[in-house]
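Here's the structure we're looking at; comments come further down.
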Amino acid sequence: MVSINYATREVSCKVVYYGPGLSGKTTNLQYVHHKVPPETKGKLISLATDADRTLYFDFLPINIGAINGFAAKFQLYTVPGQVYYNATRKLVLRGTDGIVFVADSQPDKMDENIESLNNLKENLAEYGYKLEEMPFVIQYNKQDLPGVLSQEEMHKALNTGQWPEFCASATAGFGVFDTLKCILKLVLDKARSSGAGKVQARPEAQPPQTAPGPATPTKQRTPQPERIYAPPPRPRQPEAAPVFEPVGTSGQPMPSVHRDEAEAVPSARPPLSLPPMERQQVYRPFPGNTTEDEERMNNMSQQGTGKVKMPGPMISPGHLGNTRKSDIPVSPQMAPSLKVDAAKKKRSLFKRLFGLR
Amino acid sequence: MSDDSLILYEEEIERIDSLLTKLLKGAEAKCALLVDKDGHLITRQGFTHSLDTTALAALLAGSFASTKEIARLVGEMEFSVLFHQGKKDHIHMSIVGERSILAVIFDDRTTIGMVRLYAKETADELAKIFAHLAGRPLREQKVTADFAASAGDKLDDIFKD
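Structural data, given as structure tokens:
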């Protein structure tokens with residue numbers, strides 16, 4: 001479900017990587033996370049088991065910047081591939097705007113591919129979605145391994161809907177971005193029917209980004225030397241130094257806590273006529289990726305302290321994961337409190353609870 | 001793709017923000033997030049600058065979704081309130097209407113009772129706003145009209161090997 005926020009000028013879409021277990025869904029996200037510019041990506045979050053198998057989902061937010069005055073944000077999810085995780089797999093599919101099916105090109109995995117594709121259709125049907133109406137791309141992964149099925153063979157077995165398809169190797173990196181670009185374009189194309197489709201005539205059906213068909217190698221498989229398939233180590237993002245200051249969604253500071261209650265709830269405003277966005281372009285980098293943070297981190301390391309000094313107050317050890325307490329320069333100063341007159345507040349609470357006056 | 005896209009205009013967000021601010025003021029909580037059940041952050045108020053609210057929204061929605069399945073297994077439709085207690089900070093989550101989650105992060109300067117009281121009031125108010133959203137006509141704007149075409153070059157630029 002596309003989310004359009006006119007206040008923050010953001011359009012947010014959800015894309016899910018689906019497929020059988022060990023087909024390379026998480027590796028796709030890891031490659032994207034590794035390769036895209038820092039200001040574009042957020043933190044890659046993996047809810048995985050100790051053996052690095054996805055337990056619930058992996059999550060990678062991508063912000064491609066302003067388009068037509070709106071920041072286009074994508075949330076990339078993966079699902080757990082094992083058959084017995086279907087309950088959680090179904091939860092991740094909720095509200096998705098597009099799906100990438102990552103198929104394993106090894107011959108002995110074809111049954112699992114077909115079973116997973118059928119499972120996808122069943123799960124979508126439970127939400128009332130149809131695969132035919134959903135932006136959908138198939139990726140034939142692990143094409144760098146020896147003895148894998150060709151694109152034609154994979155197409156014949158899986159691509160019953162003439163969906164756009166790509167040969168890829170998530171470990172070697174080819175085909176990953178082609179797949180991602182294709183699904184994002186399809187999702188954005190589809191978004192027009194939900195965001196502005198009610199005001200604009202629905203355009204003619206767009207041809208798929210890649211002409212479907214058995215002999216359409218969108219990304220020609222380059223002959224690769226024989227290699228052992230081994231997933232790369234999961235990259236870990238360093239914790240961002242928190243900067244603590246009150247900020248609202250609209251970038252305005254928190255209103256004074258002492259102002260009247262009536263003031264806090266503005267009366268009904270006349271509807272605003274919003275132009276097609278002439279004001280400043282909104283680009284919101286993810287927390288932890290701001291250039292300020294990077295500069296600060298660099299300065300710290302250059303000074304040889306090795307420790308990140310937290311500029312703001314209100315730093316608790318809980319924010320810093322495994323950092324030892326002694327490492328944290330905790331300031332005794334607390335965050336600005338939203339204190340109100342205690343007696344007045346008590347009276348108000350009693351009035352609310354017991355109707356006393 | 002579902003057609004029930006969540007489209008919020010500026011004055012609606014302002015109205016929601018003012019309710020969240022009132023909640024923070026009353027309950028003396030640190031911050032409040034309104035999250036779509038699909039994992040999109042709708043809006044936030046309070047001291048959220050140090051938080052990765054995008055990831056937080058996705059995880060809160062995931063947490064709620066999994067709890068809903070747990071509820072179904074024990075014969076409930078869903079649990080309307082979730083509470084996570086930490087050493088210093090705690091999170092109170094409650095359902096708003098059909099499709100949103102209100103998460104309030106607070107510490108020991110206030111109590112779970114206060115947060116729960118104000119969160120319930122706010123959730124009721126927010127539910128009315130969301131009920132209104134469902135029936136209102138959309139304005140004529142070309143937000144996503146040529147998104148795909150405009151995004152083409154940008155995508156090529158960002159996603160290059």
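If you read the sequences in order, they're chains D and E.
Residue 121 in my numbering is what sits at position 121 of the first sequence, and the numbering runs on without skipping anything.
Residue 69 in my numbering is what sits at position 69 of the second sequence, and the numbering runs on without skipping anything.
We treat Cβ as the ideally placed atom computed from N, Cα and C, and that holds for glycine.
Keep in mind it's a predicted model, so treat the numbers as computed, not measured.
- Residues of chain E with a Cβ closer than 8 Å to the Cβ of I45 (chain D) are, in chain order, A55, A58, L59.
- As the crow flies, the alpha-carbon of A148 (chain E) is around 19 Å from that of V176 (chain D).
- Within the same chain, Cβ atoms closer than 7 Å to the Cβ of V16 (chain D) are found at Y77, V79, V92, L93, T96, I99, the five residues on either side in sequence being excluded.
- The Cβ of L120 (chain D) sits no closer than 9 Å to any Cβ of chain E.
- Separation of the CB atoms of T54 (chain E) and P61 (chain D) is rounded to 5 Å, and the pair is thereby assigned contact status at 8 Å.
- Per DSSP, the unbroken alpha helix (DSSP H) holding V115 (chain E) starts and ends at 112–135.
- Look at the beta carbons and you see the region 8–15 of chain E not touching the region 86–105 of chain E: under three pairs across the two are nearer than 8 Å.
- In this structure, the alpha-carbon of D124 (chain E) lies about 17 Å from that of E78 (chain E).
- A residue is called buried once 16 or more other Cβ atoms fall within 10 Å of its Cβ, and I70 (chain E), having fewer, is exposed.
- Rounded to the nearest angstrom, the Cβ distance from L158 (chain D) to N113 (chain D) is 6 Å, consistent with a contact under 8 Å.
- Taken through DSSP and simplified to helix, strand or coil, H40 (chain E) comes out as coil.
- Within the same chain, G97 come within 7 Å of A131 (chain E) by CB-CB distance, once the 5 residues on both sides are set aside.
- The distance from the Cβ of S105 (chain D) to that of Q162 (chain D) is about 19 Å, inconsistent with a contact at the 8 Å cut-off.
- In the DSSP assignment, G175 (chain D) falls outside any beta strand (DSSP E), carrying neither H nor E.
- Between Q139 (chain D) and G39 (chain E), the gap from beta carbon to beta carbon reaches 9 Å or more.
- Within the region 57–86 of chain D, the residues whose Cβ lies closer than 7 Å to some Cβ of chain E are F57, F59, P61, I64, G65, I67, N68, F70, A72, Q75, listed in chain order.
- When the five nearest sequence neighbours on each side are left out, the beta carbons in the same chain lying within less than 6 Å of the beta carbon of K90 (chain D) are those of N123, in order along the chain.
- Residue environment analysis places G19 (chain D) among the buried positions, since at least 16 neighbouring C-beta atoms fall within 10 angstroms of its C-beta.
- Of all C-beta pairs linking the region 71–90 of chain E to the region 42–51 of chain D, fewer than three are shorter than 8 Å, placing the two stretches out of contact.
- Nearest neighbour of C13 (chain D) by Cα position, chosen from D:H34, D:N118, D:L184, turns out to be D:L184.
- Per DSSP, the unbroken alpha helix (DSSP H) holding M110 (chain D) starts and ends at 110–126.
- Beta-bridge analysis with DSSP links G98 (chain D) to D:V15.
- DSSP places V104 (chain E) in the strand class (E or B) of the three-state scheme.
- Runs of the alpha helix (DSSP H) lying entirely within the region 49–76 of chain E and spanning at least 4 residues, in chain order: 53–73.
- Taking 9 Å as the CB threshold, S169 (chain D) stays off the interface with chain E.
- N68 (chain D) counts as buried, since at least 16 other C-beta atoms from the protein chains shown sit within 10 angstroms of its C-beta.
- Within the model, the alpha-carbon separation for L133 (chain E) versus K22 (chain E) is close to 21 Å.
- The continuous stretches of alpha helix (DSSP H) do not include Q139 (chain D), which lies in the beta strand (DSSP E) extending over residues 136–141.
- Leaving aside the five residues that flank V81 (chain E) on each side, the residues in its chain whose CB is nearer than 6 Å to its CB run, in chain order, S94.
- Chain-ordered listing is empty here: chain D has no CB closer than 9 Å to the CB of I129 (chain E), the nearest sitting near 12 Å.
- Setting aside the 5 residues that flank it on each side, S116 (chain D) is surrounded in the same chain by G19, P20, each with a C-beta closer than 6 Å to its C-beta; the list follows chain order.
- Boundaries around T21 (chain E) are those of the alpha helix (DSSP H), 10–27, since no beta strand (DSSP E) includes it.
- Secondary structure at L145 (chain D): coil, using DSSP grouped into helix, strand and coil.
- A Cβ of chain D is located within less than 9 Å of the beta carbon of K154 (chain E).
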